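Worksheet: the structure to be examined is printed underneath.
Residue numbers (this note's numbering): 158 to 379.
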């Protein structure tokens, strides 16, 4: 029999994620409403996060991310190497008006590690970016398809097309702009170029993106 999930650990991680994502301090009652818990449970878990240095309290006793968040983030990024590898490759890659995004999938949403629009310097893309529904993102559709995620938002026929082509295509409401995403080989992350399809069709964007994905994989394995 597989071990049963540790509910307290899972709830603590979920609360920690919510605390980091809200962008504003949370009181224990607000946290309880957000998570659908009793106030005592939210208060106990917030106190644990505070004791670990992953949360701190302001003058009004509300909670916000603590200094331990930065240590954890640095350790994760250093251990993964994904963002560093992508930055090294992108620094030597002419983008010619293409935007770029790097992301992973988490519980039906895309977590962007990098998101820089066309004409923006790469370092601008390191600013915080909201989670985005997988079914509305080229990276999300790609990862749901190649990782064969259960309960995916991406329709099955679209998943089949993505696996056949080797890339996912997303179009904005204007239908003339969008993004093309590919898997970085050997990872569960996707890299995307944002483009104006009137000037560069999706298949051409994919051809530009393929060597970038391969180069990032090479950086990671080297």
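For every residue, glycine included, the Cβ atom is placed at its ideal position computed from N, Cα and C.
What you are looking at is a predicted structure, and each value in this text was computed from that prediction instead of being measured.
>> Does the region 273-281 come into contact with the region 297-308, if we say contact requires no fewer than three beta-carbon pairs (one atom in each stretch) closer than 8 Å?
In response: Output reads no: the region 297-308 does not touch the region 273-281.
>> Which runs of the beta strand (DSSP E) at least 3 residues long sit entirely within the region 286-360? Give them in chain order.
In response: Annotation note: the region 286-360 contains the following uninterrupted beta strand (DSSP E) runs of length 3 or greater, listed N- to C-terminal: 325-328, 334-340, 346-353.
> Is residue 380 buried or exposed, if buried means 16 or more other CB atoms sit within 10 Å of its CB?
Replying inline: This structure gives no information on residue 380, because the portion of the chain shown stretches from 158 to 379.
> Thinking C-beta only, is residue 265 closer than 8 Å to residue 242?
Replying inline: Against a cut-off of 8 Å, the Cβ pair of residue 265 and residue 242 comes out as no contact.
> CB-CB under 7 Å to residue 296, same chain, minus the five flanking residues each way: which ones, in chain order?
Replying inline: If we look at residue 296 and ignore the five residues flanking it on each side, its Cβ neighbours are 258, 260, 267, 338, 347, 349.
>> Quick check: the Cα distance between residue 288 and residue 269, rounded to an integer number of angstroms?
In response: Cα to Cα, the separation comes out at about 7 Å.
> Straight-line CA distance for residue 178 to residue 206?
Replying inline: Taking the straight line from one Cα to the other gives about 15 Å.
> Between residue 340 and residue 239, which are expected to be in contact by the criterion C-beta below 8 Å, what is the C-beta distance as a whole number of angstroms?
Replying inline: With 8 Å as the limit, residue 340 and residue 239 do not qualify as a contact, their Cβ atoms being about 12 Å apart.
> Count the other CB atoms within 10 Å of the CB of residue 228; is the residue buried (16 or more) or exposed (fewer)?
Replying inline: Result: exposed.
> If you follow the beta strand (DSSP E) that residue 260 is part of, which residue opens it and which one closes it?
Replying inline: For residue 260, the enclosing beta strand (DSSP E) starts and ends at 256-263.
> Below 8 Å between beta carbons: does that hold for residue 166 and residue 176?
Replying inline: Contact: no.
> Under the three-state reduction of DSSP, which class applies to residue 377: helix, strand or coil?
Replying inline: In this structure, residue 377 counts as helix in the three-state DSSP scheme.
>> At the level of alpha carbons, what is the spacing between residue 263 and residue 170?
In response: Annotation: residue 263 to residue 170 spans about 13 Å, alpha carbon to alpha carbon.
>> Whole angstroms are fine: how far does the CA of residue 293 sit from the CA of residue 329?
In response: Near 9 Å, if we compare the C-alpha coordinates of residue 293 and residue 329.
>> Starting from residue 166, trace the alpha helix (DSSP H) in both directions and tell me its first and last residue.
In response: Note, residue 166: alpha helix (DSSP H), 164-179.
>> Which residues does DSSP list as the beta-bridge partners of residue 251?
In response: Answer is none; residue 251 lacks a bridge partner.
> Nearest CA to the CA of residue 192: which residue from 172, 201, 200?
Replying inline: When each option's Cα is compared against that of residue 192, the closest is 172.
> Got a sec: does the ligand FMN put a non-hydrogen atom nearer than 7 Å to the Cβ of residue 206?
Replying inline: Annotation note on the ligand FMN: not contained in the displayed structure, which lists no ligands.
> Between which two residues does the alpha helix (DSSP H) harbouring residue 271 extend?
Replying inline: Not the alpha helix (DSSP H): residue 271 falls in the beta strand (DSSP E), residues 266-273.
>> In the DSSP output, what is residue 214 paired with across the bridge?
In response: Paired residue(s): 220.
> Leaving out the 5 sequence neighbours to the left and right, which residues in its chain are closer than 7 Å to residue 246 when beta-carbon positions are compared?
Replying inline: Answer for residue 246: 369, 372, 373, 376, listed in chain order.
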